[in-house]
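Let me begin by presenting the structure, written as C-alpha cells, before commenting on it.
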Amino acid sequence: MLAKRIVPCLDVKDGRTVKGVNFVELRDAGDPVELGKLYSEQGADELVFLDITATKEKRKTLADLADKVAHHLNIPFTIGGGISSVGDVDVLLQNGADKVSVNSSAVKRPALLEELSYRFGSQCIVAAIDARYDQGEWIVHVAGGSVPTDRELFSWAREVQERGAGEILFTSMDHDGTKQGFAIEALSRLSDMLDIPIIASGGAGTMEHFAEVFTSGKADAGLAASIFHFHEISIPDLKNYLRARDIPVR
Amino acid sequence: MSVVVIDYNAGNTRSVFYALQRFGVDAEFTGDPDRIRQAGKVIFPGVGEANTTMYFLRSRGLDQLIPALTQPVLGICLGMQLMCAWSEENDTECMGIFDAKVKRFRPDKGQKVPHMGWNTIYDLDQAMFAAEIEEKHVYFVHSYCVEKTPYTSATCNYISPFSAAMHRDNFYATQFHPEKSGPVGASILKKFLSL
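Chain order of the listed sequences is G and B.
Note that my numbering has the first sequence beginning at -10, numbered continuously upward.
Note that my numbering has the second sequence beginning at 684, numbered continuously upward.
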C-alpha cells in the first residue's frame, strides 16, 4: 500500500540552513546535507530544501546544493525558492534534484507550468501554494506570503493541475507556525477535487496532527520544519504512532 | 568489473551514478556506443517523456544497440518502459525487449496520479531480489505503468497490480528508483552488480 510521506523541510540561505536548528548529533547543524542525511537515516521519506538566498549567485548556490544533496542522500528531494525559468529547472535536475517547486513565478506567469511539465515531465514539478483565509475565501499569496494576489486557492489549484503540475504543496499561512494542527478542511477539499498528490504544510505541532491530516485531511504527505529541527517530534516515534493507527507508513 | 550508466537526454540520469559512487563503484557515465558495448554491466536510467526520448535514442542508434547487448542490463523507470514494446504516452513504439504495453494510470477512488511515493513490492523473482526485500517499500514516481506479464519479476498494487520490476535473460528493469529507495534500494542495486 502506498505509504503516507513524512517530509522535513529545511530552509537554506547562502548554502546554510537557517531557523536556528540545534542538533547535538551533528558536527555542523548549519550544513543542509548533514542535517538531510540525519533525517534520511531516521526514516524521512523525502526532503524539501527551500532556498531563501536573494543574491545574483542564487542559481549557482542552488545548483551546488542539489549536487551535494544528490551525492550523499538516497531518498528523493525537492528544491524550491525563486525558480522562474526552464533554464533554472534544467540546471537543478542536471545536478540531481528529483523535483523542483515553483510558487510566485507560476502565479505571475502560469504558462511556466506547461513549459516545465512539457520539458521535464509533470512528476518533477511541484506547485507550491501559500494561502490565507480572509473573509470567507482562501487568498493566494506570493513572495514568501507577503503579497496577496487576486487568485483564490481552489481555482488556482485546479489550474496548476491542468497546466501540468504533478503535485501541490499547500501551506496555510493561518496555520503555519501555530502548532495547532493543519488546515484540514481546505486540504480535504483539495484532495477530493484534484487527481494529483497533496503535501500538507503549516500547523504541525503533535503526532495527532499528522494522523488527522492523513485521515480527515486526506493528504498524501505531511511537511514540517521546526518540530523536527527542535526534537519536539522524532520521525521514528511519529512513524510508530501512525502505524499503530493503521495509517500506512514506510 | 566495469559499469556504464547510459548518458542520454532523459532527466536525472545522474542520481544512479551518484548511488554507485556511494558504495564505491566507479561507473562510467557515457553515451558512447563502443563504451556501452564493452561494459561489464549497463544501467539505463531515466525520467521523462517516452516519445522524445525514443526519438533521441533512435537518432543515436541506441534503440538498436541496447536490445543487442548480452551483458546484464538494468533499466530504471522510463528506462524500463522504453524496454517494452509500446507506450500509450504519445503512442510511442519502444524497443520491444519485453513484449508488454505501457499504459497510463487512471485515477480511481482517491488514488492519485502520478503514483508518487513509497509502496511495497511482492511476488519477487529470486534472480533479481533477495528474499528479505519481499513487502519492503521502494520509491516510485510515474504516471504510466507496465501491465503484468510473464516477465514481471516484482508486483506492486496501485489502482491495480502492475509490474514493479521485469526480467528476461540478461535484461532487468525496475519501475521504481532503487537509487532513491534508501537502504532497500541500495541492496537491490548491489545485487544487480553482483550478477
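We treat Cβ as the ideally placed atom computed from N, Cα and C, and that holds for glycine.
Item	Value
8 Å Cβ shell around residue 746 of chain B - same chain, five flanking residues per side excluded	737, 740, 778
Selection from B/853, B/842, B/857 that minimises the alpha carbon distance to residue -9 of chain G	B/842
Anticipated Cβ contact below 8 Å, residue 770 of chain B with residue 827 of chain B, distance rounded	6 Å
Interfacial residues, the region 101 to 113 of chain G to chain B, with Cβ spacing under 7 Å	109, 110, 111, 112, 113
Listed by chain order, chain G residues near residue 697 of chain B by CB distance under 8 Å	59, 83, 84, 85
Cα-Cα separation, residue 62 of chain G to residue 205 of chain G	32 Å
Three-state secondary structure (DSSP) of residue 858 of chain B	coil
Buried/exposed call for residue 762 of chain B, threshold 16 Cβ in 10 Å	buried
Partner residues on chain G for residue 731 of chain B, Cβ-Cβ distance less than 8 Å	109, 110
Same chain only: Cβ atoms within 6 Å of residue 685 of chain B, ignoring 5 sequence neighbours per side	722, 723
Contact between the region 109 to 127 of chain G and the region 139 to 150 of chain G (3+ Cβ pairs under 8 Å)	yes
Cβ-Cβ distance between residue 68 of chain G and residue 96 of chain G below 8 Å	no
Complete runs of the alpha helix (DSSP H) confined to the region 713 to 743 of chain B [at least 4 residues]	716 to 721, 733 to 742
Below-8 Å beta-carbon distance, residue 229 of chain G vs any chain B residue	no
Test: residue 9 of chain G CB closer than 8 Å to a CB of chain B	Only weak support exists for where residue 9 of chain G lies, its pLDDT of 47 falling under 50; the coordinates are left without a value.
Those residues which DSSP pairs with residue 160 of chain G across a bridge	G/119, G/190
Nearest residue (CA-CA) to residue 781 of chain B, options B/853, B/801, B/866	B/853
Simplified DSSP state of residue 53 of chain G, which is helix, strand or coil	helix
Element boundaries [alpha helix (DSSP H), containing residue 229 of chain G]	224 to 233
Proximity of residue 75 of chain G and residue 22 of chain G at Cβ, strictly below 8 Å	no
At least 3 beta-carbon pairs within less than 8 Å: the region 214 to 234 of chain G vs the region 188 to 202 of chain G	yes
Residue 184 of chain G beta carbon near the ligand SAH (any heavy atom closer than 7 Å)	The ligand content of the structure shown is nil, which means the ligand SAH is not present either.
Residue 224 of chain G: contacting residues in chain B (beta-carbon distance under 7 Å)	Near residue 224 of chain G there are no residues of chain B at all, since even the closest Cβ is about 13 Å away, more than 7 Å.
Under 8 Å (Cβ pairs) to chain G, residues found in the region 859 to 878 of chain B	860, 862, 863, 864, 865, 866, 868, 869
Contacts of residue 820 of chain B in chain G (Cβ-Cβ under 7 Å)	-8, 239
Unbroken alpha helix (DSSP H) run spanning residue 675 of chain B, endpoints	Summary: the structure shown does not reach residue 675 of chain B, with chain B confined to residues 684 through 878, and so no result is reported for it.
Secondary structure of residue 242 of chain G, DSSP reduced to three states	Residue 242 of chain G is absent from the structure shown; chain G starts at -10 and stops at 239.
Continuous alpha helix (DSSP H) stretch holding residue 698 of chain B: start and end	697 to 705
Cβ-based burial, residue 697 of chain B [other Cβ within 10 Å; buried from 16]	buried
Pair within 8 Å by beta-carbon distance, residue 691 of chain B and residue 756 of chain B	no
Short CB-CB distance (under 8 Å) between residue 185 of chain G and chain B	yes
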